[in-house]
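One structure is given here, and the rest of the page talks about it.
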Amino acid sequence: MSSSDQSIDKRPWLLLSPSLMAITLLVVIPMAFILVYSFYENIDLAVDKVAFQFGNWSEVMTDGYYRTAIWKTLRLSVIVTVLAAVLGYIPAYFIAMTKFRDKWLLLLLLILPFWISFIIRTLSWIHIFGNQGALNGLFQLLGLTDAPLSLMYNEFTVIVGFIHVFLPYMILNIYVSLEGIDENLEPAARTLGATPWQAFREVTLPLSMPGLAAGCLLVFVLTGGSYVTPLILGGPSDFLFGNLIYDAIVTELNWPMGATLSFTLLLLLGLVVVLYSRLMGLNQLSKAFK
Amino acid sequence: MKKIDSTKRYEMLKERMGNGDMDRRSFFGLLGAAGIYAGVSGGIMTTMAQQARAAGTELYFEGWGGVVSEALRKHAFNPYEEATGNKVVDSTFGGEAEVLTKIKAAGNTNGHNILHSSGVSWYKRWVDAGYGSELNLANIPNVENVMEAIIAPFRAITPNSLSAIPYDYGTTGIAYNTKHVSEEKAKELGANLLLDKELKGKIGAWGGDWANRAWYGALQSDQDPNNIQDWDAVWDKARENRDLVLKYWSSGAELMDLLAKEEIYVTEAWSGRVAALQAQGHPIAYMDPPNGLAWMESMFVLKGSPMAEAEELLNFMLDPATAIAVAEGQKYPTSLDPNKVEMTETIKALPAYDPTGKLDKLVFRDPVVWNEVEKEQSKKWNRVSKGG
């Protein structure tokens, strides 16, 4: 083997080094701290003892309360992801296929909500679904109901809140993927006898899968890690694993348990990414942006 | 330019709409405009504003938001700023645990000076955690007018000095919509009104404080809240209540919104917030059941704060004219002794007001009893509230 073969090209590492450093400083090291903290012992409110014990981990593994929260989180994340995929594909397809000259305007409209605080966007649903909200006002104006319907503070409003906030992520991912498809492929399929639906199903949909999958992964992970939306729009039984972390850290002032729960959530969502990688291949993510 | 956070700005807007000062279309228009304004200019303007405020000392104040913060801003902070040139930067919290979490995470009290602290329990917790300051009462001569009965529990915890000045008091009773619940029924059921199955889906409860739920659980299971023997019975009652609850509210503003919009008809509620709703014309009545929960709030100065300015502000806030104006605004009676300071008719009509200045008719939480069980029982409550 020649010496030139043995020499390593350092340029990719040099180019990657700022990103790697940022990830190490901002993600890996803080997560390492959280992992270490999970072995500490909470003595009293906001009073922790440095220790190496597995009490917190043992509780998370064996207590059904946490399993219920995990199940609720996964279930709601799947529902939100599927609905966002269905609802997001249509506008993404429209934006990608439209001959409208100022397409950038549509994309601007899509990202416009990001200028408004996430909390305020979530709170806005109270003024739509609430007792004196727009929807109940409309129903009564049309004579459909005499008294306001109770539409707020249930799983439905939590799902609506999530979809409202995360839908643009889904649309943008699918749109970028659709934009990259050769626009002659669908007409070609049509000339070979395919119906419009067949051409979409056999050609466009499979080619847009990387974007759809990337959007799904993003929405799933974002939903799974949330806690504010159920807090604002949900009732007593609407909570996610993130809410348990909030309880442990903010109301119980038990940071070691909060750290254990945070790391558990990281592992769970990491597992989803690993599964995605096994099923789709992570390289599909980059295809979504080509 | 007065500094207020986005939550407060939103609450002000919502309150104006609730009062009928603006229609829904204008509300949404302004909300959108506020959002875009915040998005575009937030970061840059904040930095510029910080640079512009070079003169005067900044005091960071954290409180309960809504009408309480409005009253403090209008009747205490604005006049104080004009009189001294110092700035009071006020923001809101959902509970003091949030502040303690932030301080613990930061490792210092930077950006936190004065808290509108709730109860003697929290006073003890702040002091025990080492965040208590030592107020020089010589700089707060107006403290002479404060009821001895309201200062005594604080002195019992820190006999040599005070870290806070009691400022107001109130009760957590039961609010109910008189269109849907009769006074007779409310009085007959008392604390058990919160367990009335006929009101399923129209009951609210404060989710942010385990001790509040436990207090009512104790009343509903016929126990002395300051001497609970059967905690299982307490949490059984909390479960019974949970199954009827539409929403656990987490702030005074949310409580008022739920009641005003008739999302809920019955809830335990803070006396001042109900008085504010009544002043707005909503058909909400308020009752304190026997052994109902009373509490006192203090202005707690954290260690590391600019003490001279903080003491100056506290003295300003305790000036009878200021304290009475704030009390009328926030609808909680002032800590000033009615035997020393003449109260207005508005104050005398406030819920929980004690004309004797002794407070012996009100039942407060015993901080020693409640703090002792907090670690175990707050965890229990978090589970119960989520179906456990």
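Protein chains in written order, with the working numbering: chain A, 1 to 290; chain B, 291 to 678.
Here a beta-carbon is modelled for each residue, glycine too, at the ideal position from N, C-alpha and C.
Looking only at its chain, what residues have a beta carbon closer than 6 Å to the beta carbon of residue i, apart from the 5 residues adjacent to it on each side?
i                      : result
residue 240 of chain B : A question about residue 240 of chain B goes unanswered here, because the residues of chain B that appear run from 291 up to 678.
residue 168 of chain A : 110
residue 153 of chain A : 235
residue 258 of chain A : 245, 248, 249
residue 399 of chain B : 393, 592, 594
residue 613 of chain B : 624, 626
residue 331 of chain B : For residue 331 of chain B, the pLDDT reaches just 46, beneath the cut-off of 50, and the residue's location in the model is therefore unreliable, although a value from the coordinates is still provided. Here the set comprises nothing.
residue 199 of chain A : 186, 189, 190
residue 119 of chain A : none
residue 480 of chain B : 579
residue 130 of chain A : 152
Could you tell me which residues DSSP puts in a beta bridge with residue i?
i                      : result
residue 49 of chain A  : A:41
residue 466 of chain B : B:556, B:575
residue 377 of chain B : B:348
residue 455 of chain B : B:589
residue 496 of chain B : B:539
residue 460 of chain B : B:585
residue 653 of chain B : B:583
residue 353 of chain B : B:382
Would the C-beta of residue i count as close to the ligand SAH, meaning under 8 Å from any of its heavy atoms?
i                      : result
residue 241 of chain A : With respect to the ligand SAH, the structure offers nothing, as it holds no ligand at all.
Please look up how many angstroms separate the CB atoms of residue i and residue j, rounded, as I've assumed it's under 8 Å.
i                      : j                      : result
residue 349 of chain B : residue 403 of chain B : 5 Å
residue 536 of chain B : residue 491 of chain B : 5 Å
residue 80 of chain A  : residue 219 of chain A : 6 Å
residue 673 of chain B : residue 65 of chain A  : 6 Å
residue 592 of chain B : residue 405 of chain B : 7 Å
residue 602 of chain B : residue 426 of chain B : Wrong, their Cβ atoms sit about 11 Å apart, outside the cutoff.
residue 106 of chain A : residue 95 of chain A  : 5 Å
residue 389 of chain B : residue 351 of chain B : Wrong, their Cβ atoms sit about 11 Å apart, outside the cutoff.
residue 361 of chain B : residue 620 of chain B : 4 Å
residue 586 of chain B : residue 385 of chain B : With 8 Å as the limit, residue 586 of chain B and residue 385 of chain B do not qualify as a contact, their Cβ atoms being about 16 Å apart.
residue 165 of chain A : residue 101 of chain A : The Cβ separation is near 30 Å, so there is no contact.
residue 484 of chain B : residue 459 of chain B : The pair is not a contact, with the Cβ atoms about 23 Å apart (cut-off 8 Å).
Ignore the nearest five residues each way along the sequence and tell me which others in residue i's own chain have a CB closer than 8 Å to its CB.
i                      : result
residue 225 of chain A : 242, 265, 269
residue 334 of chain B : Its pLDDT being 48, under 50, residue 334 of chain B is placed unreliably by the model, and the measurement read from it follows with that caveat. Correct list: empty, nothing qualifies.
residue 511 of chain B : 520, 523, 524, 526, 527
residue 627 of chain B : 435, 436, 437, 438, 647
residue 97 of chain A  : 178
residue 369 of chain B : 606, 612
Output needed for residue i: all residues of its chain with C-beta closer than 7 Å, excluding positions within five of it in sequence on either side, in chain order.
i                      : result
residue 123 of chain A : 232
residue 414 of chain B : 447, 657, 661
residue 663 of chain B : none
residue 50 of chain A  : 40
residue 230 of chain A : 158, 238, 239, 240, 243
residue 91 of chain A  : 171
residue 667 of chain B : 500, 504, 521
residue 359 of chain B : 298, 353, 380, 382
residue 610 of chain B : 435, 626, 631
residue 411 of chain B : 655, 657, 660, 661
residue 208 of chain A : 174, 177, 178, 181
Start-end ranges of the beta strand (DSSP E) lying completely within the region 523 to 590 of chain B, minimum 3 residues: Secondary structure remark: continuous beta strand (DSSP E) runs of at least 3 residues inside the region 523 to 590 of chain B, in chain order: 535 to 539, 556 to 560, 574 to 577.
Beta strand (DSSP E) segments (min. 3 residues) lying fully within the region 83 to 148 of chain A: If we require 3 residues or more, the region 83 to 148 of chain A turns out to have no beta strand (DSSP E) run fully inside it.
Selection of the region 124 to 152 of chain A by Cβ proximity to chain B, strictly under 9 Å: Result list: 124, 126, 127, 130, 131, 132, 133, 134, 137, 148, 150, 152.
Residues within the region 34 to 52 of chain A neighbouring chain B, beta-carbon criterion of under 7 Å: Residues passing the 7 Å Cβ filter: 44, 45, 46.
Near-chain A residues of the region 528 to 554 of chain B (beta-carbon distance less than 8 Å), N- to C-terminal order: 532, 535, 536, 537, 538, 540, 547, 551, 552, 553: these are the residues of the region 528 to 554 of chain B whose beta carbon lies less than 8 Å from some beta carbon of chain A, given in chain order.
Positions along the region 216 to 241 of chain A whose CB lies within less than 8 Å of some CB in chain B: Flagged, chain order: 231, 235, 236, 237, 239.
Contact residues within the region 636 to 668 of chain B, judged by C-beta distance below 8 Å to chain A: Answer in chain order: 664, 665, 668.
Start-end ranges of the alpha helix (DSSP H) lying completely within the region 391 to 443 of chain B, minimum 4 residues: Along the region 391 to 443 of chain B, the alpha helix (DSSP H) occurs as fully enclosed runs of 4 or more residues at 409 to 418, listed in sequence order.
Segments of 3+ residues assigned as beta strand (DSSP E) that fall wholly inside the region 179 to 256 of chain A: Scanning the region 179 to 256 of chain A from its first residue to its last, no whole beta strand (DSSP E) run of 3-plus residues comes out.
Members of the region 388 to 410 of chain B that neighbour chain A once the beta carbon cut-off is set at 8 Å: Cβ proximity to chain A below 8 Å picks out 388, 390, 391, 394 from the region 388 to 410 of chain B.
Segments assigned alpha helix (DSSP H), at least 4 residues, entirely inside the region 611 to 666 of chain B: Within the region 611 to 666 of chain B, the complete alpha helix (DSSP H) runs of at least 4 residues are 635 to 638.
Under 8 Å (Cβ pairs) to chain B, residues found in the region 249 to 272 of chain A: Of all residues in the region 249 to 272 of chain A, only 249, 250, 251, 252, 253, 254, 255 place a beta-carbon less than 8 Å from a beta-carbon of chain B.
Against chain A: residues of the region 488 to 514 of chain B by CB proximity under 9 Å: Of all residues in the region 488 to 514 of chain B, only 491, 492, 495, 497, 498, 499, 500 come within less than 9 Å of chain A when Cβ atoms are compared, listed by chain position.
Against chain B: residues of the region 62 to 81 of chain A by CB proximity under 7 Å: Correct list: 65.
Short-range partners of chain A found in the region 465 to 489 of chain B, where Cβ spacing is below 8 Å: Hits within the stretch: zero.
Interface positions of the region 411 to 426 of chain B facing chain A (Cβ-Cβ less than 8 Å), listed along the chain: Closer than 8 Å at the C-beta level to chain A, one finds these residues of the region 411 to 426 of chain B: 415, 419.
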